[in-house]
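Residue numbers (full-length UniProt numbering): 1 to 192.
Glycine is no exception: its CB is placed at the ideal position from the N, C-alpha and C atoms.
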Ligand SMILES: [Zn+2]
């Protein structure tokens, strides 16, 4: 299914991947098919008096390349060797071709009142609402704190991924991550 595509450090996006984008405000963009649910989620958040802000969304391959190289450079500035810097960078920024942002199904959403991509983001009213309600609109918090060993990505209480409402509810209710959900589907189909 299009919204079940798995992109992580071990699963690269196919070379020929394309996506039909819906442009949003401020140069952001998302897969057209996920747009109605996103709009509903943002409308409902605003109706609660919250101010969520999309600060990152679809990323072209060149942009991901740039971000990764930039993170390596900053790690080297902190004193890491080139090899170490690559490894550390890869835990924070996905290698080009392995970022969910390249699918058009991932969004970084922050509070307008606290736009930092730090752990504290989880304490904002906007994240509290999104963490508890985004699944109703087909989005999951993609990188939970206790799943880093499976997702390959450190805790990110701002990165949401569209998987569709049915999958999002199961993932939310079971407290699993996308990798675990997709694995559970595989084992079900093997039994059949
Ligand atoms: Zn992200």
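Backbone CA spacing between residue 145 and residue 122 [nearest angstrom]: As a first step, residue 145 is located in the chain shown; it is residue number 145 there, counting from the start. As a first step, residue 122 is located in the chain shown; it is residue number 122 there, counting from the start. If I take the Cα positions, the gap works out to 11 Å.
Quick one: give me the first and last residue of the beta strand (DSSP E) that residue 55 is part of. Counting from 1 along the chain shown, the entry for residue 55 is found at position 55. Here the beta strand (DSSP E) through residue 55 covers 52-56.
Residue 128 - DSSP class collapsed to helix/strand/coil: Walking along the chain shown from the start, residue 128 turns up at place 128. Three-state result, residue 128: helix.
Residue 193 lies in the beta strand (DSSP E); which residues open and close that run? Residue 193 falls outside the range modelled here, since the chain spans only 1 to 192, and no answer is possible.
Anyone know if the C-beta pair for residue 9 and residue 95 falls short of 8 Å? The residue you call residue 9 lines up with position 9 of the chain shown. The residue you call residue 95 lines up with position 95 of the chain shown. The answer is yes: Cβ separation under 8 Å.
Would you check if the segment 34-53 and the segment 108-115 touch, i.e. whether three or more CB-CB distances between them fall below 8 Å? yes
Give me the Cβ distance between residue 135 and residue 34, rounded to the nearest whole Å; I'm assuming they're in contact under 8 Å. Reading the chain shown from its first residue, position 135 is the one you call residue 135. Reading the chain shown from its first residue, position 34 is the one you call residue 34. Contact between residue 135 and residue 34 fails: their C-beta atoms lie close to 14 Å from each other, not under 8 Å.
Alpha carbon to alpha carbon, how far is residue 61 from residue 98? Give it in angstroms, no decimals. Numbered from its first residue, the chain shown carries residue 98 at position 98. Numbered from its first residue, the chain shown carries residue 61 at position 61. If I take the Cα positions, the gap works out to 10 Å.
According to DSSP, is residue 34 part of a helix, a strand, or is it coil? Here residue 34 refers to the residue found at position 34 of the chain shown. DSSP places residue 34 in helix when its eight states are reduced to three.
Quick test of your reading: residue 86 and residue 72, contact by CB under 8 Å. State the CB separation rounded to the nearest angstrom. For the purposes of this step, residue 86 is taken as residue 86 along the chain shown, with counting starting at 1. For the purposes of this step, residue 72 is taken as residue 72 along the chain shown, with counting starting at 1. That pair is a contact at about 6 Å.
Cα-Cα separation, residue 152 to residue 141: The residue labelled residue 152 in the question sits at position 152 within the chain shown. The residue labelled residue 141 in the question sits at position 141 within the chain shown. Spanning the two alpha carbons is a distance of roughly 14 Å.
Output the boundary residues of the beta strand (DSSP E) element that contains residue 161. Stepping through the chain shown from its first residue, residue 161 is reached at position 161. Counting along the chain, the beta strand (DSSP E) containing residue 161 begins and ends at 159-162.
Own chain, CB closer than 8 Å to residue 125, minus 5 neighbours either side, in chain order: As a position in the chain shown, residue 125 is number 125, starting the count at 1. Cβ neighbours of residue 125 beyond the five flanking positions: 50 and 111.
Do you know offhand how far residue 52's Cα is from residue 82's? The residue labelled residue 52 in the question sits at position 52 within the chain shown. The residue labelled residue 82 in the question sits at position 82 within the chain shown. Between residue 52 and residue 82, the C-alpha separation is close to 37 Å.
Among the residues of its own chain, which have a CB less than 6 Å from the CB of residue 23, if the five just before and after it don't count? Mapped onto the chain shown, residue 23 falls at position 23. Same-chain partners within the cutoff: 29.
Under 7 Å: does the beta carbon of residue 26 sit that close to some heavy atom of ligand 1? The residue labelled residue 26 in the question sits at position 26 within the chain shown. No, ligand 1 has no heavy atom inside 7 Å of this Cβ.
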